[in-house]
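Structure, as structure tokens:
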Amino acid sequence: MKRNRFVLTRRARALGIVSLLLTASSAAQVPTPAEISRAGHVLRRCQHGAPLGDYGQVLPGGGNTQLANIFTYITTQTNPGGIVENAETTNLLGLYSMPTVVGASDPNHPLHPAQPGTWTIEDLADANIVRAVWSEAKLREVMTGFWQEHFTTNYWKLRGYFFKKFSSPPYNNTTLYPGLNPAALASQYAAYFEWKQNDKFRLHALGKFSDLLLASAQGEAMMIYLDTVDSEAPTANQNYAREFLELSTCGRVSPFLTATGWTLRFNYTFQDILTLSDVFSGWTLVDNATAP
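Offset between the sequence shown (1-based) and the working numbering: plus 30.
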């Protein structure tokens with residue numbers, strides 16, 4: 031009981047400090063603890079953390095109720111195309127060699143790089159942290175991270191694939207490819223394809239699930255990670271089909287109401303796995319692009 035009182039006291043003190051700071055330079059009405067709590071809840075759901083400077087967007091103010099300001103905030107965040115990025119994010123992202131304009135992974139984009147440069151996976155990770163902390167498109171960054179986890183791939187498997195590729199004919203022919211460094215190229219190509227996947231997830235982060243699913247399925251990172259890149263008839267690789275059905279879309283089972291009560295029903299069969307495996311067989315990498 032004593033511990034609960036301590037937690038409540040600490041929380042009340044924190045709310046009081048936030049309220050004081052929010053109104054220190056303003057004669058506006060002090061927000062109530064409930065309003066501050068509600069504002070924090072919205073911010074923590076829609077962005078990475080709830081810094082003090084963002085509370086004003088979702089508290090009563092400007093002649094609007096808190097609900098009206100929350101609605102405006104969420105409406106703005108769900109339309110990231112209309113958000114102007116701040117100078118801090120733009121300047122920090124400019125330190126990285128990879129394109130940071132959303133949508134540059136599209137081959138028709140004017141900034142699309144046909145080949146990777148001296149990129150590293152650490153650069154991609156750092157750029158994602160910069161966006162998470164500084165970007166004005168806060169909800170898009172939260173959802174980009176969500177989809178990156180949902181359609182997960184593995185940089186090291188990509189790197190291993192390309193190291194083997196660049197260590198084999200014809201790339202190991204020093205006459206045709208003098209000075210070729212398989213390890214360096216493998217790292218660059220693996221980072222390149224992880225960047226392409228990450229950019230597509232950011233582009234479609236608040237869009238249709240079907241677009242995200244297609245971007246993942248056709249992406250080089252997923253093709254290599256779950257082996258559709260080498261899947262051929264008549265014994266198609268089942269790895270991607272199983273993950274597609276169980277983790278990316280249907281799930282293994284769902285609750286189903288019968289005459290005798292609730293039960294669990296399988297959402298797909300083994301034949302579905304075989305059929306989907308056949309559908310995704312025959313895909314491969316052509317230079318740096320995918321093709322059926």
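Using N, Cα and C, we set each Cβ at its ideal position, and we do this for glycine too. Every value quoted in this text rests on a predicted model; they were computed, and no experiment measured them.
What is the DSSP secondary structure of serine 55, reduced to helix, strand or coil?
-> Any reading at serine 55 must be qualified, since the residue scores a pLDDT of 45, below 50, and its modelled position is unreliable; the value itself is stated next. Looking at serine 55 - three-state DSSP - the assignment turns out to be coil, as it is neither helix nor strand.
Per DSSP, glycine 291 is paired with what?
-> Thr288, per the DSSP bridge assignment.
Check phenylalanine 296 in the structure and name its three-state DSSP category.
-> Shown here, phenylalanine 296 sits in a strand according to DSSP, grouped into three states.
Inter-residue CB distance, isoleucine 254 and lysine 187 (contact presumed, cutoff 8 Å) | The pair is a contact, with the Cβ atoms about 6 Å apart (cut-off 8 Å).
Cβ neighbour criterion (16 or more within 10 Å) applied to aspartate 229 = Aspartate 229 should be labelled buried.
When you compare only the Cα positions, how much space is there between proline 63 and leucine 97?
-> If you draw a straight line from the Cα of proline 63 to the Cα of leucine 97, it is about 15 Å long.
Taking three-plus beta-carbon pairs below 8 Å as touching, is the stretch 117-126 in contact with the stretch 154-172?
-> Contact between the stretch 117-126 and the stretch 154-172 is present, because at least three Cβ pairs lie under 8 Å.
Pick helix, strand or coil for threonine 279, following the three-state DSSP scheme.
-> Residue state, collapsed to three classes: coil.
Report the three-state DSSP secondary structure of valine 163 (helix, strand or coil).
-> In the structure shown, valine 163 sits in a helix (DSSP, three-state: H, G or I).
From the DSSP output, which residues share a beta bridge with glycine 91?
-> Glycine 91 is bridged to Asn94.
Expressed to the nearest angstrom, what Euclidean distance is found between the alpha-carbon atoms of threonine 148 and arginine 295?
-> The alpha-carbon of threonine 148 is positioned some 50 Å away from that of arginine 295.
Applying the criterion that 16 or more other CB atoms from any shown protein chain within 10 Å of the CB defines a buried residue, is serine 135 buried or exposed?
-> Around the Cβ of serine 135, a 10 Å sphere holds 16 or more other Cβ atoms; the residue is buried.
By a C-beta neighbour count over all protein chains shown, 10 Å radius and 16 as the cutoff for buried, is tryptophan 177 buried or exposed?
-> The residue in question, tryptophan 177, is buried, as its Cβ has 16 or more Cβ neighbours within 10 Å.
Report the rounded CA-to-CA distance for valine 132 versus threonine 290, giving the unit in angstroms.
-> Valine 132 and threonine 290: Cα-Cα distance of roughly 52 Å.
Euclidean distance between Cα positions of proline 137 and tyrosine 207 | In a straight line, the C-alpha of proline 137 is about 26 Å away from that of tyrosine 207.
Through-space distance from valine 114 to glycine 124, alpha-carbon basis = So the two alpha carbons sit approximately 16 Å from each other.
Taking just the CA atoms, how far does tyrosine 85 sit from threonine 106?
-> A straight line joining the alpha-carbon of threonine 106 with that of tyrosine 85 spans about 15 Å.
Burial state of proline 264, where buried means 16 or more other Cβ atoms lie within 10 Å | With fewer than 16 other Cβ atoms within 10 Å, it is exposed.
If we count Cβ pairs, one from each stretch, closer than 8 Å, do we get three or more for the stretch 269-278 versus the stretch 300-315?
-> Touching, yes, given that three or more Cβ pairs across the two stretches are closer than 8 Å.
Using a Cβ-Cβ cut-off of 7 Å (strictly less than) and excluding sequence neighbours within five positions of phenylalanine 193, which residues of its own chain qualify?
-> Cβ neighbours of phenylalanine 193 beyond the five flanking positions: Pro212, Ala213 and Ala216.
Given glutamate 179 as reference, the closest of Ile66, Leu243 and Ile100 once Cα atoms are compared | The option with the nearest alpha carbon to glutamate 179 is Leu243.
Taking the alpha-carbon positions, what's the glutamine 145 to tyrosine 222 distance?
-> Approximately 8 Å between the Cα atoms of the pair.
Proximity of alanine 220 and isoleucine 151 at Cβ, strictly below 8 Å | By the CB criterion at 8 Å, alanine 220 and isoleucine 151 fall inside the cutoff.
Under a Cβ-count criterion, where at least 16 other Cβ atoms within 10 Å of its own Cβ denotes burial, should serine 127 be classed as buried or exposed?
-> Burial call: exposed.
Beta carbon of cysteine 280, beta carbon of leucine 169: below 8 Å?
-> Here cysteine 280 is not near leucine 169, since their CB atoms are 8 Å or more apart.
Local Cβ density within 10 Å of asparagine 99, reported as buried at 16 or more and exposed below that | Counting C-beta atoms within 10 angstroms of its own C-beta, asparagine 99 has 16 or more neighbours from the protein chains shown and is therefore classed as buried.
Selection from Gly93, Val60 and Gly237 that minimises the alpha carbon distance to threonine 174 = Of the candidates Gly93, Val60 and Gly237, Gly237 places its Cα closest to the Cα of threonine 174.
Alpha carbon to alpha carbon, how far is leucine 89 from alanine 69? Give it in angstroms, no decimals.
-> C-alpha of alanine 69 to C-alpha of leucine 89: approximately 6 Å in a straight line.
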